[in-house]
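Its first residue numbered 925, the sequence shown is counted upward by one per residue in my numbering.
By construction, the Cβ of each residue, glycine as well, lies at the ideal position given by its N, Cα and C atoms.
Below is one structure, written out as structure tokens; the observations come after it.
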Amino acid sequence: MDWRKMRDMVIVLLLVIPTVFLFLGVGEWCTPSANAADVKTMRVQAAAPNTSLSYQSVARFGEAVKTMSGGRFDIQALPAGAIVETKRIPDAVKTGLVEAGATYLQYFAGKHMAGALFGAPPAGGGSNVGIDQFAHMAWLILGPGRELLNEYFTDIIKMNVVCFPLGFHGPLSVGWFNKPIKSLKDLQKRRYRSGPGLVAETWKKIGVPATFLPGGEIVPAGQRGVIDGAQWGSPYDDMPMGFQQIWKHYYLQGAHFPISSWAMVINKDFWNKLTPEFQKMIEISAQSTVLHTVFRMIKENGVLLKEAKEKHGVKVYDVPPDIFEAYTKAVNEVLEKYESDPFFKKVLDSQREYADLIRPWWTASLKTSVFLMEVGAKK
């Protein structure tokens, strides 16, 4: 055979064979795959059990990063307690004991109270601010809150981490109780588990003996009669933990606790060693996880609330109006006490300015939403 014909035949085969493999669905034959030695691993310990929407957001984030990287970047989602106690997650990330952690931003309030403003401003900051969960998240992710959050971790509490919001819960219910709550006086007589930080401080300001317990201790405390009721999250988070088994009276609204911001903190030394490509994957996957978490929250809470009423005999009530009236007034006094701190005031002023900017349009939009939902409820 003429050598030129042989050359041409080889060229044709080199062009055709990979195409055939791709057509037959075996494209991996000619695409690079991640070798085990080349895979980058990042462990993320969550401050929530694996039944919770919060933990599942971390798992979903990890799946997104793994897919985008073609398996070259493996995110290992770990539930509460897997490596360290929940309260030790921030310091474990700071020291590099674990590469990353996912927790509620208000849990950092023990290091500096401004953490409560990033994570869970009580009653949306009261009449001094007046901001709901969606507006708060917009401030935190795309507004001035983003830069302030970086300043908080870098300069104020010196944590050596980078932070990415992964979602939020909210509004969080007032909670589940062993007996109906008819007024603020009733609530003042109950031993009640609430969230930490400014939320709990405001409850105490109006005479409610609120105490904080980690998530895993709430149901056992209720079973032993140590507490009469508890607030944790929403139906999707509460019911897998068994709240509906011991408490049958549920107060769903949560003006006291409109948002609980859930975020991932990554050790900065680990972050700086990642390629720009992997860093961008984390950023994009975190932003998409926020939306995914919110959409799941809307649906799953509806499903679980229906189950609570129909299968477990839970009675759902409106919160007595005098409770939120007293709470929102007390918030102003609590926040004023902390405004003597320059950074706390800086964050609160930023939230006020942002709320004033977006309130006219956003309030009108929400009124439309409420109208449409109420029309549907009348059918």
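With 16 other Cβ atoms within 10 Å as the buried cut-off, status of residue i
i: Val1227; result: exposed
i: Lys1018; result: buried
i: Glu1201; result: exposed
i: Glu1298; result: exposed
i: Phe1171; result: Reading off the sequence shown, one finds Trp at residue 1171, where the question assumed Phe. Buried.
i: Gly1149; result: exposed
i: Asp962; result: exposed
i: Trp1285; result: exposed
i: Ala1301; result: exposed
i: Gly994; result: exposed
i: Pro1245; result: exposed
i: Phe1219; result: exposed
i: Pro1120; result: buried
i: Ile999; result: buried
i: Lys1230; result: exposed
i: Gln1030; result: buried
i: His1093; result: buried
i: Asp1079; result: exposed
i: Ser1158; result: buried
i: Asp1056; result: buried
i: Ile1222; result: exposed
i: Glu1234; result: exposed
i: Thr1323; result: In the structure as shown, the chain starts at 925 and stops at 1303, and residue 1323 therefore has no counterpart that could be examined.
i: Glu1125; result: buried
i: Lys1197; result: exposed
i: Thr1199; result: exposed
i: Phe1136; result: exposed
Residue from the options with nearest C-alpha to residue i
i: Val1022; options: Val1085, Gln980, Leu1041; result: Val1085
i: Met1205; options: Ala988, Ser981, Asp962; result: Ala988
i: Gly1140; options: Gly1005, Val1258, Ser1289; result: Gly1005
i: Phe1267; options: Gly1039, Ala970, Phe997; result: Gly1039
i: Leu1096; options: Val1008, Trp1186, Ala1179; result: Ala1179
i: Val1189; options: Arg996, Pro1068, Ile1013; result: Ile1013
i: Pro1182; options: Ser981, Phe1042, Lys1011, Gln969; result: Phe1042
i: Glu1263; options: Gln1169, Lys1011, Leu1122; result: Leu1122
i: Ala1044; options: Lys1291, Thr1292, Val1271, Glu1009; result: Val1271
i: Met1061; options: Lys1233, Ala1187, Leu1198; result: Ala1187
i: Lys964; options: Ser976, Val982, Arg996; result: Arg996
i: Asp1015; options: Ala1033, Ala983, Met1083; result: Met1083
i: Val1143; options: Gln1169, Gly1237, Ala1124; result: Gln1169
i: Val982; options: Ala1134, Ile1081, Thr1217; result: Thr1217
i: Ala1254; options: Lys1129, Lys1011, Ile1007; result: Lys1129
i: Ile1081; options: Phe1032, Val1008, Asn1225, Ala1279; result: Phe1032
i: Ala1279; options: Lys1011, Gly1034, Pro1068, Ile1007; result: Pro1068
Whole-angstrom distance between residue j and residue i, CA atom to CA atom
i: Leu1090; j: Ser978; result: 8 Å
i: Gly1131; j: Gln1177; result: 20 Å
i: Ile1247; j: Trp1127; result: 10 Å
i: Ser1209; j: Asp1110; result: 45 Å
i: Lys1192; j: Ala972; result: 23 Å
i: Ser1289; j: Trp1063; result: 17 Å
i: Arg1283; j: Phe1058; result: 12 Å
i: Arg967; j: Ala1001; result: 6 Å
i: Thr1027; j: Pro1138; result: 12 Å
i: Gln1259; j: Met992; result: Sequence inspection shows Leu at residue 1259; the Gln mentioned does not correspond to that position. Between Leu1259 and Met992, the C-alpha separation is close to 43 Å.
i: Lys1261; j: Ile1105; result: 30 Å
i: Phe1304; j: Lys1239; result: Any property of residue 1304 remains undetermined from this structure, which presents the chain solely from 925 to 1303.
i: Gly1054; j: Pro1164; result: 32 Å
i: Lys865; j: Thr1252; result: Residue 865 cannot be examined here, being either before or after the span of the chain that is shown, 925 to 1303.
i: Gly1049; j: Ser1184; result: 13 Å
i: His1036; j: Tyr1174; result: 33 Å
i: Leu1066; j: Gly1166; result: 36 Å
i: Gln1147; j: Leu1215; result: 36 Å
i: Leu1108; j: Ala1047; result: 16 Å
i: Gln980; j: Asn974; result: 7 Å
i: Thr1287; j: Asp1162; result: 29 Å
i: Gln969; j: Glu1277; result: 35 Å
i: Asp1273; j: Glu1257; result: 16 Å
i: Gly1024; j: Phe1295; result: The amino acid occupying residue 1024 in the given sequence is Ala; Gly does not appear at that position. One C-alpha to the other measures close to 42 Å.
i: Gly949; j: Ser1212; result: Summary for Gly949: the model assigns pLDDT 38, below 50, so the residue's position carries little reliability; its value from the coordinates is reported in the next sentence. Between Gly949 and Ser1212, the C-alpha separation is close to 29 Å.
i: Trp1195; j: Pro1003; result: 22 Å
i: Pro1133; j: Gln1112; result: 7 Å
i: Asp1265; j: His1236; result: 47 Å
i: Val1243; j: Glu1249; result: 11 Å
i: Glu1009; j: Gly1020; result: 15 Å
i: Phe1077; j: Glu1224; result: 33 Å
Contact with chain B by residue i, beta-carbon distance below 8 Å
i: Gly1237; result: The structure shown has no chain B; it contains just one protein chain.
Meets three-Cβ-pair contact criterion under 8 Å: the stretch 1111–1129 and the stretch 1150–1158: yes
Contact the stretch 1099–1107 vs the stretch 1060–1080: 3+ CB pairs below 8 Å: no
3-residue-minimum beta strand (DSSP E) runs that sit fully inside the stretch 1128–1216, ordered along the chain: 1173–1175, 1184–1191
Those runs of the alpha helix (DSSP H) which lie wholly inside the stretch 1031–1097 and span at least 4 residues: 1038–1043, 1057–1065, 1069–1075
Residue ranges of each alpha helix (DSSP H) within the stretch 994–1019, 4 or longer: Complete alpha helix (DSSP H) runs here, min 4: 1013–1019.
Residue ranges of each alpha helix (DSSP H) within the stretch 1220–1266, 4 or longer: 1245–1262
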